[in-house]
Amino acid sequence: MIEADKLHKLFGAFTAVREVSLNVDDGEVVALLGPNGAGKTTTVRMLAAILKPTSGRALIAGYDVVEQAREARHVVGLLTEYPGLYNRMRPMEYLQFFGALQGMTAIESEKRGRLLLQQFGLWESREKRLDSYSKGMKQKVALIRALIHDPQVLFLDEPTTAMDPHSARTVRDAIAELRAARNQRSRPLASISRRSISGGTASSSCSRTRRSRSARLAARSSAGCSCSGSMPISRSRGWPVKSR
Ligand SMILES: Nc1ncnc2c1ncn2[C@@H]1O[C@H](COP(=O)(O)OP(=O)(O)OP(=O)(O)O)[C@@H](O)[C@H]1O
Ligand SMILES: [Mg+2]
Numbered sequence: 001m002i003e004a005d006k007l008h009k010l011f012g013a014f015t016a017v018r019e020v021s022l023n024v025d026d027g028e029v030v031a032l033l034g035p036n037g038a039g040k041t042t043t044v045r046m047l048a049a050i051l052k053p054t055s056g057r058a059l060i061a062g063y064d065v066v067e068q069a070r071e072a073r074h075v076v077g078l079l080t081e082y083p084g085l086y087n088r089m090r091p092m093e094y095l096q097f098f099g100a101l102q103g104m105t106a107i108e109s110e111k112r113g114r115l116l117l118q119q120f121g122l123w124e125s126r127e128k129r130l131d132s133y134s135k136g137m138k139q140k141v142a143l144i145r146a147l148i149h150d151p152q153v154l155f156l157d158e159p160t161t162a163m164d165p166h167s168a169r170t171v172r173d174a175i176a177e178l179r180a181a182r183n184q185r186s187r188p189l190a191s192i193s194r195r196s197i198s199g200g201t202a203s204s205s206c207s208r209t210r211r212s213r214s215a216r217l218a219a220r221s222s223a224g225c226s227c228s229g230s231m232p233i234s235r236s237r238g239w240p241v242k243s244r
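Residue numbers 1 to 244, in our numbering, belong to the letters of the sequence shown in order.
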């Protein structure tokens with residue numbers, strides 16, 4: 001479902017991501033762990049076809065993220081670190097807006113939006129404008145937005161950052177439910193969930209994770225995803241930059 005081969009990203013002369021390779025199969029939930037600045041967001045942005053790698057190659061559901069970026073974006077759902085909401089909208093209008101960007105009709109996105117709002121416990125609040133939503137409710141709407149077009153691959157960039165423990169738990173449970181639902185439909189979800197090394201979300205949402213004290217990208221999945229490479233924060237701080 002996700003195949004990355006030696007993804008490398010330079011910003012000017014600075015190496016943000018160094019030759020990261022990974023393979024993720026259908027139905028796997030994988031966490032990328034690393035300290036601040038290790039290159040996790042940059043890796044996800046490359047895999048989601050919104051940032052071009054300097055070198056290396058990645059396929060998402062068979063689509064090349066550079067050559068077939070449009071198709072790749074269509075099969076990906078992305079929850080970014082700082083999702084902006086259109087606060088004057090109500091949740092359904094917001095979801096229909098993003099559904100339309102993914103080529104969905106208003107009826108399709110209304111139907112899917114209703115299901116997801118119910119699943120995330122927001123149906124009762126559907127008439128409220130988003131500016132009256134709490135932080136956790138907004139985060140859930142952002143997650144629903146990422147799911148509106150029923151993507152095959154879901155990328156979550158620190159989905160529970162700044163959430164209270166209860167809301168964080170709700171999101172973790174929702175991720176587990178989504179995964180279970182996918183597996184039951186025999187069209188499993190492959191997703192990457194990530195969070196900084198100090199956090200607990202990744203380890204509790206994934207069957208297996210591996211943490212690293214270095215900036216080296218670490219990943220493990222329920223089915224033994226393979227991953228290698230490194231994302232140096234800064235060479236001057238002495239982060240190891242070897243590849244496997
Ligand atoms: N557009 C950019 N231009 C220049 N440098 C960038 C850019 N985006 C990221 N970087 C640099 O690349 C490195 C990796 O950044 P990235 O955001 O991928 O880290 P991260 O692992 O997601 O960190 P955090 O845990 O803080 O979210 C950082 O040193 C960052 O300053
Ligand atoms: Mg980040």
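Here a beta-carbon is modelled for each residue, glycine too, at the ideal position from N, C-alpha and C.
Proximity below 8 Å, CB of residue i to CB of residue j
i, j, result
"L147", "L156", "no"
"L95", "I144", "yes"
"H74", "M104", "no"
"L85", "V29", "no"
"G99", "P151", "no"
"T160", "V171", "yes"
"G121", "M163", "no"
"A49", "A69", "yes"
"E158", "E71", "no"
"G56", "A4", "yes"
"Q139", "S109", "no"
"K9", "T54", "yes"
Whole-angstrom C-beta distance between residue j and residue i, which should lie under 8 Å
i, j, result
"P91", "L115", "Contact doesn't hold; Cβ gap of about 13 Å is too wide."
"A58", "L51", "So it is not a contact: roughly 11 Å between Cβ atoms."
"L7", "T43", "7 Å"
"L22", "I2", "7 Å"
Coarse secondary structure for residue i, derived from DSSP in three states
i, result
"V20", "strand"
"E67", "coil"
"A31", "strand"
"R112", "helix"
"V249", "Not covered by the structure: residue 249. The range shown for the chain is 1 to 244."
"H8", "strand"
"V76", "strand"
"G136", "helix"
"F257", "An answer regarding residue 257 cannot be provided, because it is not within the stretch 1 to 244 covered by the chain."
"A13", "coil"
"A142", "helix"
"D157", "strand"
"R129", "coil"
"I50", "coil"
"E124", "helix"
"A38", "coil"
"A180", "helix"
"L117", "helix"
"R90", "coil"
"I148", "coil"
"A61", "coil"
is_contact[residue i, chain C] using C-beta, thresh 8 Å
i, result
"R126", "Among the protein chains of the structure shown there is no chain C, as only one such chain exists."
Counting pairs of beta carbons, one from the segment 8–17 and one from the segment 36–43, are three or more of them closer than 8 Å? yes
Q | Under 5 Å, CB to nearest heavy atom of ligand 1: contacting residues | A | F11, A16, N36, G37, A38, G39, K40, T41, T42 and S196
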